[in-house]
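Residue numbers (UniProt numbering): 1 to 307.
As structure tokens, this is what we get:
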């Protein structure tokens with residue numbers, strides 16, 4: 001008999017610790033069932049409590065993303081704009097795990113080891129995170145044998161169809177990268193107009209929103225108020241089950257812009273739009289996440305407007 005299979009909790013610990021691999025660089029490719037594809041070049045280094053990362057887009061709009069722990073700076077060379085922001089706490093690149101929600105993952109997914117394979121020249125252990133209900137997708141994960149680094153992931157629907165795949169096509173581990181050098185690149189903003197997203201942290205209650213009940217496994221993560229040119233009162237309420245994240249965007253209903261309710265799909269990402277009646281007027285919700293439509297519908301159906 002071989003060694004016993006790891007539990008979901010043990011796999012979570014392994015995958016989370018892999019974010020602290022000392023250094024790596026590689027090319028990462030994301031493909032969806034619709035045929036869409038994007039790729040990026042990644043440099044990652046971890047020194048003590050500091051993680052620094054550089055992600056250079058190889059497709060789409062030219063941009064370079066630099067991250068130092070939770071601080072993020074995105075450079076757009078064509079427009080000479082740099083946007084500074086803070087990211088939600090979670091795993092490394094690829095951002096697979098929301099670490100504070102491990103208990104939810106254990107309750108709502110089962111782990112099954114599928115053997116070994118090779119990705120980008122590295123031996124990998126393959127595990128399937130199978131959902132226990134229809135409110136989340138399954139994940140097939142390739143984890144580098146020695147470090148646990150996630151080399152490849154597939155997002156699967158209820159029929160086992162691959163909706164989206166993310167994988168390293170080329171990878172080098174333990175590369176001679178220095179956190180200080182990568183970090184200094186983040187501060188080189190000469191010639192760029194530095195912008196900060198017009199958002200402030202808030203709470204759902206402060207914005208007049210609540211949930212009439214829980215959606216199994218999904219917990220409130222954070223809430224922000226966004227100021228936009230079209231609407232100065234858009235609220236973003238984030239939920240997570242530990243693996244998947246959902247955003248609910250809430251704003252006053254505008255019949256000129258909010259004409260079509262429904263559900264749309266792009267790879268593993270679904271978007272639901274719906275008008276919410278209210279005694280003092282109507283609201284418009286846009287729910288977005290790499291989750292089944294059932295999860296978006298369940299969250300939206302529990303939204304309540306509070307005085």
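Yeah, the Cβ is synthetic: ideal placement off N, Cα and C, and Gly gets one too.
The distance from the Cβ of residue 213 to that of residue 107 is about 17 Å, inconsistent with a contact at the 8 Å cut-off. Counted as a single uninterrupted DSSP element, the alpha helix (DSSP H) harbouring residue 180 occupies residues 179 to 186. When the Cα atoms are used, residue 10 and residue 189 turn out to be separated by approximately 42 Å. By the neighbour-count criterion, in which 16 or more other beta carbons inside 10 Å mark a residue as buried, residue 61 falls on the exposed side. Sixteen is the threshold: when 16 or more other Cβ atoms of the shown chains lie within 10 Å of the Cβ of residue 182, as they do, the residue is buried.
Residue range 193 to 195 is occupied by the beta strand (DSSP E) that includes residue 195. Selection 19, 69, 7 and 80 evaluated against residue 193 yields 80 as nearest (Cα-Cα). With 16 or more neighbouring CB atoms inside 10 Å of its own CB, residue 251 falls in the buried class.
Rounded to whole angstroms, residue 258 and residue 44 show a C-alpha spacing of 41 Å.
Per DSSP, residue 16 is one residue of the alpha helix (DSSP H) stretching across 8 to 17. Taking 8 Å as the upper bound for CB-CB distance, residue 32 and residue 164 are in contact here, some 5 Å apart. Straight through space, the alpha carbons of residue 221 and residue 246 are spaced by roughly 9 Å. For the 8 Å CB-CB criterion, residue 21 and residue 46 form a contact.
By alpha-carbon distance to residue 179, the top candidate from 276, 49 and 209 is 49.
Under the DSSP definition of a beta bridge, residue 126 partners with 115 and 142. Shown here, residue 240 sits in a strand according to DSSP, grouped into three states.
Rounded to the nearest angstrom, the gap between the Cα atoms of residue 195 and residue 85 is 9 Å. Counting the other Cβ atoms within 10 Å of the Cβ of residue 227 gives fewer than 16, which makes it exposed. Residue 106 sits in a helix when the DSSP states are folded into three classes.
CA-to-CA, the gap between residue 299 and residue 76 works out to about 35 Å. Separation of residue 139 and residue 280 (C-alpha to C-alpha, rounded to the nearest whole angstrom) is 43 Å.
Linking residue 16 to residue 54 through their CA atoms gives a straight-line distance of about 19 Å.
Residues of the same chain with a CB within less than 8 Å of the CB of residue 185, apart from the 5 flanking positions on each side, are 54 and 66 in chain order.
For residue 174, same chain residues with a beta-carbon under 7 Å away, outside a window of 5 residues either side, are 22 and 23 in chain order. Residue 54 has 43 and 66 as its beta-bridge partners, per DSSP. The alpha-carbon separation between residue 110 and residue 132 amounts to approximately 7 Å.
Counting only the Cα atoms, residue 127 lies some 14 Å from residue 105. DSSP places residue 61 in no alpha helix (DSSP H); its state is neither H nor E.
Judged by DSSP secondary structure, residue 252 falls within the beta strand (DSSP E) whose first and last residues are 245 to 252.
Assignment of residue 29 by DSSP, reduced to helix, strand and coil, places it in the strand class. Taking the Cβ atoms as the reference, residue 282 lies roughly 15 Å from residue 249, outside the contact range of under 8 Å.
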